[in-house]
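S.K.: Dropping a structure here in structure tokens format, bear with me for questions.
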Amino acid sequence: MMNGGLSLLSVRQQVSAAIRAAIHDGELPPGARLTERQICERAGVSRTIAREVVRELEAERLIESNRRNGFVVASMSLKEIGDLYDMRMLLEARACMLCAKAMTPDIARRLDLAMAAIESAAGGDDREAQRTSNTLFYETIFEAADNVVLGQILHSLHGRISFLRSRSMSRPGRPQASLRELKAILAALKAGDGEAAARLSTAHIEAARAVALAALGEHGRKAQASAREDVGA
1 MMNGGLSLLS
11 VRQQVSAAIR
21 AAIHDGELPP
31 GARLTERQIC
41 ERAGVSRTIA
51 REVVRELEAE
61 RLIESNRRNG
71 FVVASMSLKE
81 IGDLYDMRML
91 LEARACMLCA
101 KAMTPDIARR
111 LDLAMAAIES
121 AAGGDDREAQ
131 RTSNTLFYET
141 IFEAADNVVL
151 GQILHSLHGR
161 ISFLRSRSMS
171 RPGRPQASLR
181 ELKAILAALK
191 AGDGEAAARL
201 STAHIEAARA
211 VALAALGEHG
221 RKAQASARED
231 VGA
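Residue numbers for the sequence shown follow UniProt numbering, beginning at 1 and rising by one.
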């Protein structure tokens, strides 16, 4: 019985992760319709599991209820995106300060391993590897900060804005700049300099926000231009 439960849980987690990745990578863009039936057909799972996946994604605010279409991938205004980055700046600076204060050889080793994974993924086109390595780096910081509520909030913030990452990281020079910024944060953390780590983290997020908003604005302009061409055709 327990094995069956664990198996069902594993399937749900895998399906949730796959759809979450599709949203983050832009395969399922904001406004895209997502139904239980689509999930069943896409993943080959039961309606029960599909319903649980929908509830999980809705709780994470990655999808939202729509009267006409059931559920759609959540959309955010430029202001809301900016607000999320503002909160991330404040909270991540605190997490970095706590992490630096709690620094141990084991934490430093785990951060080094995460950074090595980030560097390895940075040179390729494997978005999953890039996302996983980046997540590992931040999760290590949040865990070392040893503040459960802070970690939960930051995890949620990362989830809600990560769909912008693929767009921002496709901008010329941004992957290299991001890597340099993360390395500087890592050096400050390992040195136990919480104030420097917090300051560098804030600068990194400010840069990420600027690039993300620019990429989103460019995407919007292209969509408008395409719509005008369709009307004129």
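All C-beta atoms in this analysis are idealised placements derived from N, C-alpha and C, irrespective of residue type, glycine included.
(1) Using the Cα positions of residue 108 and residue 215, report the straight-line distance between them to the nearest angstrom.
(2) Please work out which residues of its chain come closer than 7 Å, Cβ to Cβ, to residue 153, disregarding the five sequence neighbours upstream and downstream, and give them in chain order.
(3) How about the stretch 193-210 and the stretch 119-136: do they share at least three Cβ pairs that are nearer than 8 Å?
(4) Using CA atoms only, rank isn't needed, just tell me which of 67, 61, 87 and 68 is closest to residue 75.
(5) In whole angstroms, give me the CA-to-CA distance for residue 79 and residue 212.
(6) Which whole-angstrom value describes the C-beta separation of residue 43 and residue 102, a residue pair presumed to lie in contact below a C-beta threshold of 8 Å?
(7) Does the beta-carbon of residue 130 have 16 or more other beta-carbons within 10 angstroms, so that it is buried, or is it exposed?
(8) Could you give the DSSP three-state label for residue 160: helix, strand or coil?
(9) Would you mind reading off the limits of the alpha helix (DSSP H) that contains residue 147?
(10) Can the beta-carbon of residue 89 be found closer than 9 Å to that of residue 201?
(11) When you compare only the Cα positions, how much space is there between residue 30 and residue 55?
(12) Exposed or buried, residue 1, counting other C-beta atoms within 10 Å across all chains shown (16 or more means buried)?
(13) Using a threshold of 9 Å, state whether the C-beta atoms of residue 12 and residue 52 are closer than that.
(14) In terms of residue numbering, what span does the beta strand (DSSP E) encompassing residue 168 cover?
(15) Applying the 10 Å Cβ sphere with the 16-neighbour rule, what's the burial state of residue 48?
(16) Have a look at the DSSP bridge pairing and note the partners of residue 33.
M.R.: The short version:
(1) For residue 108 and residue 215, the distance between alpha carbons rounds to 34 Å.
(2) 91
(3) no
(4) 61
(5) Answer to the nearest angstrom: the Cα atoms are 12 Å apart.
(6) So it is not a contact: roughly 39 Å between Cβ atoms.
(7) buried
(8) helix
(9) That residue, residue 147, is in no alpha helix (DSSP H); it is neither H nor E in DSSP.
(10) yes
(11) Rounded to whole angstroms, the gap between the alpha carbons of residue 30 and residue 55 is 18 Å.
(12) Note that residue 1 has pLDDT 33, beneath the 50 cutoff, so the model's placement of it is unreliable and the number below is only indicative. So residue 1 ends up on the exposed side.
(13) yes
(14) First-last for residue 168: 165-168, but that is the alpha helix (DSSP H), not the beta strand (DSSP E).
(15) exposed
(16) Partner residues in the beta bridge of residue 33, as assigned by DSSP, are 72.
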